[in-house]
Amino acid sequence: MEHDCTVNHGATTAIVHFVPSCLLYSAQRLVGSPAPVYGMSVSPDGSQLLRTSILPEHLSFSVPWSRFGRRVEVLPLCAAGQTKVLQNTPAVEALPIGHDAVRNGPRSFMWRADQPATLCWVEALDGGDPKNKPQDGSRDKVVMLSRPYEDQPTELIRTRSRYQAMRWGADGTALVYERWYKNRKMTISRVSPGQAAEHYLEYDFSDQYNHP
Numbered sequence: 010m011e012h013d014c015t016v017n018h019g020a021t022t023a024i025v026h027f028v029p030s031c032l033l034y035s036a037q038r039l040v041g042s043p044a045p046v047y048g049m050s051v052s053p054d055g056s057q058l059l060r061t062s063i064l065p066e067h068l069s070f071s072v073p074w075s076r077f078g079r080r081v082e083v084l085p086l087c088a089a090g091q092t093k094v095l096q097n098t099p100a101v102e103a104l105p106i107g108h109d110a111v112r113n114g115p116r117s118f119m120w121r122a123d124q125p126a127t128l129c130w131v132e133a134l135d136g137g138d139p140k141n142k143p144q145d146g147s148r149d150k151v152v153m154l155s156r157p158y159e160d161q162p163t164e165l166i167r168t169r170s171r172y173q174a175m176r177w178g179a180d181g182t183a184l185v186y187e188r189w190y191k192n193r194k195m196t197i198s199r200v201s202p203g204q205a206a207e208h209y210l211e212y213d214f215s216d217q218y219n220h221p
């Protein structure tokens, strides 16, 4: 109990939104309730805040901070908006063995950089276990969800190995990075919403001499 109180006290953060003004003091408003914040980012149009926080009732003495129970939510930066909780998960006490093992369920929440406030995230199709053999050969899928975040997400791409990162261009095209540790292969695909993905580049990420 003492350790729980220490974590909550040291990590709890209050997020305050300052509105610039010509007065000596800017207007300010508390965004959401104070919480142990794990990460946060503002939507491209500045209207929403994506916050990942640690659930105080789902701490752990056996796994690191990154695997504590967490809540992912979208907080409005205007007073009239509504908070949308995307995920509540307990601590991940057990994770499959392997370099490409990940937590099951949605992960890696992010904003789509070329849209005002569209969310993207990744879901494992193999249960997060690299030893499993997916039926269609896909390990992960990337999905998108537009404001007000009430509909079912739309699928963008499925990856044959483990998703790593995504970079959006101004023309609505994304580069999706995936890799598999066992064969040291990094694959980059180019995809646009509603269209089939195109192979863009593939290389051995352990070969520094021939790294593109």
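Each residue of the sequence shown is one higher than the last, beginning at 10 in our numbering.
Where is the CB? At the ideal position from N, CA and C, for every residue including glycine.
The structure presented is a predicted model; accordingly, all values stated were derived computationally and were not measured.
Bridge-paired residues (DSSP) for residue i
i: Asp213; result: Lys194
i: Arg116; result: Val131
i: Glu159; result: Its beta-bridge partners do not exist; DSSP assigns none.
i: Phe70; result: Beta-bridge pairing links Phe70 to no other residue.
i: Arg167; result: Lys150
i: Pro45; result: Thr21
i: Val185; result: Met175 and Ser198
i: Thr61; result: Gly48 and Val81
C-beta contact flag for residue i and residue j at 9 Å
i: Ser215; j: Ala126; result: no
i: Asp109; j: Arg188; result: yes
i: Gly41; j: Glu66; result: no
i: Arg38; j: Val46; result: no
i: Leu210; j: Trp120; result: no
i: Val131; j: Val101; result: no
i: Met195; j: Cys129; result: no
Separation of residue j from residue i, as counted between CA atoms
i: Tyr172; j: Met153; result: 15 Å
i: Pro115; j: Gln96; result: 8 Å
i: Ser62; j: Ile197; result: 31 Å
i: Pro99; j: Ser201; result: 34 Å
i: Val185; j: Asp149; result: 11 Å
i: Arg199; j: Leu165; result: 11 Å
i: Gln144; j: Thr21; result: 43 Å
Residue i, DSSP secondary structure in three states
i: Arg121; result: coil
i: Ser56; result: coil
i: Pro143; result: coil
i: Pro85; result: strand
Closer than 8 Å: residue i CB and nearest the ligand FAD heavy atom
i: Leu39; result: No copy of the ligand FAD appears in this structure; indeed no ligand is present at all.
### Message
For the structure I just gave you, are there three or more beta carbon pairs, one from the segment 150 to 158 and one from the segment 66 to 78, closer than 8 Å?
### Response
no
### Message
Would the segment 205 to 221 count as touching the segment 135 to 143 if we require 3 or more Cβ pairs under 8 Å?
### Response
no
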